[in-house]
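Undergrad: Letter by letter, the sequence shown follows residues 2 to 85 in this note's numbering. The beta-carbon is built from N, C-alpha and C at its ideal position, and this holds for glycine as well.
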Amino acid sequence: MTTASTARTVHPRDRTAREWRGSLGAMASRGEVDGPRVQEATAALAWWKHRGAMIETGIDPERAEELADLIAAETATDAEAVAR
Numbered sequence: 002m003t004t005a006s007t008a009r010t011v012h013p014r015d016r017t018a019r020e021w022r023g024s025l026g027a028m029a030s031r032g033e034v035d036g037p038r039v040q041e042a043t044a045a046l047a048w049w050k051h052r053g054a055m056i057e058t059g060i061d062p063e064r065a066e067e068l069a070d071l072i073a074a075e076t077a078t079d080a081e082a083v084a085r
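1) Just curious, the alpha helix (DSSP H) that E20 is in, first and last residue?
2) Check I56 in the structure and name its three-state DSSP category.
3) Leaving out five residues before and five after W48 in sequence, what residues of the same chain have Cβ atoms less than 6 Å from its Cβ?
4) State the DSSP-derived secondary structure class of D70, mapped to helix, strand or coil.
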């Protein structure tokens, strides 16, 4: 019996930026430099970068996460439009 793998979307805050970098590095060491898992890790690292930059400017961490979510959603929408 085979089971179909189901894609599970993980929110960037489910892992630390360090964990995302580690996953990305592990994938790269195995030659996996493109694909959905790499894109997910890259997007998650961008989310952490945006969040950190906003916090450095004095924005409350909770508000920074909300704004980072909006930026990520907009980026995903733009990427989908380009792919069409």
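TA: In short:
1) Within the sequence shown, the letter at position 19 stands for residue 20. Element bounds for E20: A18 to S30.
2) Your numbering for residue 56 matches position 55 in the sequence shown. Looking at I56 - three-state DSSP - the assignment turns out to be helix.
3) Counting from one through the sequence shown, the residue named residue 48 turns up at place 47. The residues are P13, A69 and A73.
4) In the sequence shown, the residue the question calls residue 70 occupies position 69. Helix.
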